[in-house]
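Novice: Using UniProt numbering, you'd call the opening residue of the sequence shown number 1 and step up by one each time.
Each residue gets a CB set at the ideal place from its N, CA and C atoms; glycine is no exception.
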Amino acid sequence: MPISESMAIRNGTSEPDSFHNFFEIWVSEQSQYLQELISASQHHKQSSNIGSEDDTVILSPLIGRVINHYEQYYGAKSKWAKQDVFAMLSPSWRSSLEDAFMWIGGWRPSMAFHLLYSKSGLQLEKKFTVLVRGFSSGDLGDLSPSQLNQVDALQRRTIVEEKETTEKMAELQETVADSSMVELSHVVSELMRERGGSVNGVEEERVESTLGPKEEGLEEILQKADDLRLRTLKAILEVLTPIQAVHFLIAAAEYMGA
């Protein structure tokens with residue numbers, strides 16, 4: 001793909017149907033970042049400077065680039081949602097398995113905490129032999145009581161917001177069956193049968209005027225969901241040390257995607 005086209009897609013300036021192209025580029029870049037994160041974690045494991053200030057100097061810039069990469073994704077998604085919110089809520093390129101676990105167009109924010117606790121437990125098991133030797137691994141198995149308390153408080157707040165957003169989505173979905181939609185569906189169906197499957201400009205305008213407010217509502221809810229996803233990711237990283245953040249971002253890339 002030419003650089004100019006790639007940049008246009010990144011900046012959200014090309015046509016809405018090319019969001020899939022943007023997403024493919026983004027996923028490819030995410031894979032590159034994943035390799036950088038894995039390499040950084042392996043280098044840290046082999047280093048004798050575990051727990052030193054070198055962590056911040058070396059790892060923080062990489063963590064910042066990965067966060068910025070997520071911000072680019074959600075920024076582009078927000079722009080394209082204004083053109084076709086339905087495509088953003090249920091992307092055609094997602095697998096049926098991904099669709100089954102999707103929450104309002106993406107991963108469920110509370111899942112990030114389950115992932116954190118799961119990886120923390122796995123790394124805790126692996127570190128027992130290291131502890132016997134009197135060393136600290138510095139990974140997610142080393143979460144302190146203070147960190148766990150912060151994560152617990154964050155999880156509680158996130159679950160509340162997640163529930164509120166889910167309820168707003170349910171309320172909006174109920175309006176799909178309101179009287180105006182039922183009547184419009186009946187009228188359009190009758191006209192299409194009478195005219196061999198076509199409708200004129202008047203009916204199209206009526207459909208757009210009826211669906212317009214509902215699409216705006218969906219766009220607003222999707223924005224809230226994506227905002228919660230990004231804020232949750234950032235908030236978890238703020239609780240972690242640089243090397244712990246690296247381990248969490250590796251898990252996030254492998255299991256949560258975008």
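Between the alpha carbons of residue 323 and Leu62, how many angstroms are there, rounded?
Specialist: The structure shown does not extend to residue 323, since the chain spans only 1 to 258, so no value can be given for it.
Novice: Roughly how many angstroms separate the alpha carbons of Glu171 and Lys214, rounded to a whole number?
Specialist: On the sequence shown, residue 171 is found 171 positions in, with the first residue counted as 1. On the sequence shown, residue 214 is found 214 positions in, with the first residue counted as 1. Distance between the alpha carbons of Glu171 and Lys214: 11 Å.
Novice: Are the C-beta of Gln46 and some C-beta of chain C separated by less than 7 Å?
Specialist: Note that chain C does not occur in the displayed structure, where there is just one protein chain.
Novice: Do the segment 219–238 and the segment 104–113 meet, that is, are 3 or more Cβ pairs less than 8 Å apart?
Specialist: A contact exists between the segment 219–238 and the segment 104–113.
Novice: Using C-beta distances below 8 Å, list every residue in its chain close to Val246, excluding the 5 sequence neighbours before and after it, in chain order.
Specialist: Your numbering for residue 246 matches position 246 in the sequence shown. Contacts found: Leu37, Ala40, Ser41, His44, Leu59, Leu62, Ile63.
Novice: Are the CB atoms of Val151 and Val239 nearer to each other than 7 Å?
Specialist: Taking the sequence shown and counting its residues from 1, one reaches residue 151 at position 151. Taking the sequence shown and counting its residues from 1, one reaches residue 239 at position 239. It is a contact, given that the beta carbons lie within the stated cut-off.
Novice: Compare the beta carbon distance of Thr166 and Thr232 with 7 Å and say whether it is the shorter of the two.
Specialist: The residue given as residue 166 occupies position 166 in the sequence shown. The residue given as residue 232 occupies position 232 in the sequence shown. No, they are not a contact pair.
Novice: Got a sec, what are the start and stop residues for the alpha helix (DSSP H) Leu154 sits in?
Specialist: Start at 1 with the first residue of the sequence shown, and residue 154 comes out as number 154. Unbroken alpha helix (DSSP H) run through Leu154: 145–174.
Novice: Compare the beta carbon distance of Tyr73 and Trp26 with 7 Å and say whether it is the shorter of the two.
Specialist: If you number the sequence shown from 1, residue 73 lands on position 73. If you number the sequence shown from 1, residue 26 lands on position 26. Cβ distance < 7 Å, so Tyr73 and Trp26 count as in contact.
Novice: Specify, as a first and last residue, the run of the alpha helix (DSSP H) that Ser41 falls within.
Specialist: Within the sequence shown, residue 41 is the residue found at index 41, counting from 1. Note, Ser41: alpha helix (DSSP H), 19–46.
Novice: On the DSSP letters alone, give me the boundaries of the alpha helix (DSSP H) that Ala258 sits inside.
Specialist: Locating residue 258 in the sequence shown gives position 258, where the first residue counts as 1. Taken as a continuous stretch (DSSP letters only), Ala258 belongs to no alpha helix (DSSP H), as it is neither H nor E.
Novice: Am I right that Asp227 and Lys77 are in contact with their C-beta atoms under 8 Å? What's the rounded C-beta distance?
Specialist: Here residue 227 is taken as the residue at index 227 of the sequence shown, counted from 1. Here residue 77 is taken as the residue at index 77 of the sequence shown, counted from 1. The Cβ separation is near 11 Å, so there is no contact.
Novice: Please say whether Glu162 and Ser110 have beta carbons closer to each other than 7 Å?
Specialist: Within the sequence shown, numbered from 1, the residue matching residue 110 stands at position 110. Within the sequence shown, numbered from 1, the residue matching residue 162 stands at position 162. In contact: Ser110 and Glu162 (Cβ atoms closer than 7 Å).
Novice: Would you tell me roughly how many angstroms separate the C-alpha atoms of Glu24 and Tyr33, rounded to the nearest one?
Specialist: As a position in the sequence shown, residue 24 is number 24, starting the count at 1. As a position in the sequence shown, residue 33 is number 33, starting the count at 1. Each residue's alpha carbon lies about 14 Å from the other.
Novice: Determine the closest residue to Arg156 out of Leu211, Ser31, Ala112, Asp99, with distance taken between C-alpha atoms.
Specialist: Position 156 of the sequence shown, counted from the start, is the residue given in the question as residue 156. Residue Ala112 is the option with its Cα nearest to Arg156.
Novice: Give me the residue from Leu148, Ser47, Ser92, Pro242 with the minimum Cα distance to Ser18.
Specialist: Residue 18 sits at position 18 when you count from the first residue of the sequence shown. Checking every option, the nearest Cα to that of Ser18 belongs to Ser92.
Novice: Between the beta-carbon of residue 302 and the beta-carbon of Leu140, is there less than 7 Å?
Specialist: Outside the modelled stretch of the chain, which goes from 1 to 258, sits residue 302, for which no answer is possible.
Novice: So, at 8 Å on beta carbons, what are the nonlocal neighbours of Leu230 in its own chain, with the 5 sequence-adjacent residues on each side left out?
Specialist: The count along the sequence shown starts at 1 and reaches residue 230 at position 230. Result list for Leu230: Tyr70, Glu71, Tyr74, in chain order.
Novice: What are the boundary residues of the alpha helix (DSSP H) that includes Leu89?
Specialist: On the sequence shown, residue 89 is found 89 positions in, with the first residue counted as 1. Start and end: 85–89.
Novice: Quick check: the Cα distance between Met256 and Thr175, rounded to an integer number of angstroms?
Specialist: On the sequence shown, residue 256 is found 256 positions in, with the first residue counted as 1. On the sequence shown, residue 175 is found 175 positions in, with the first residue counted as 1. Approximately 31 Å, taken between the alpha carbons.
Novice: Leu97 lies in the alpha helix (DSSP H); which residues open and close that run?
Specialist: As a working mapping, residue 97 is identified with position 97 in the sequence shown. Segment 96–100, the alpha helix (DSSP H) holding Leu97.
Novice: Work out the CA separation of Gly121 and Phe22 for me, nearest whole Å.
Specialist: By one-based count along the sequence shown, residue 22 stands at place 22. By one-based count along the sequence shown, residue 121 stands at place 121. Taking the straight line from one Cα to the other gives about 35 Å.
Novice: Please report the straight-line C-alpha distance between Lys119 and Met88, rounded to a whole angstrom.
Specialist: Taking the sequence shown and counting its residues from 1, the one referred to as residue 119 is at position 119. Taking the sequence shown and counting its residues from 1, the one referred to as residue 88 is at position 88. Cα to Cα, Lys119 sits roughly 29 Å from Met88.
Novice: Which word fits Pro242, buried or exposed, when buried means at least 16 other C-beta atoms lie within 10 angstroms of its C-beta?
Specialist: Start at 1 with the first residue of the sequence shown, and residue 242 comes out as number 242. Looking at its Cβ environment, which holds 16 or more other Cβ atoms inside 10 Å, Pro242 is buried.
Novice: Helix, strand or coil: which one does DSSP assign to Thr241?
Specialist: Residue 241 sits at position 241 when you count from the first residue of the sequence shown. Coil, per DSSP.
Novice: When the Cα of Ala81 is compared with those of Lys168, His114, Gly217, which residue comes out closest?
Specialist: In the sequence shown, counting from the first residue as 1, residue 81 sits at position 81. Out of Lys168, His114, Gly217, Gly217 has the C-alpha closest to the C-alpha of Ala81.
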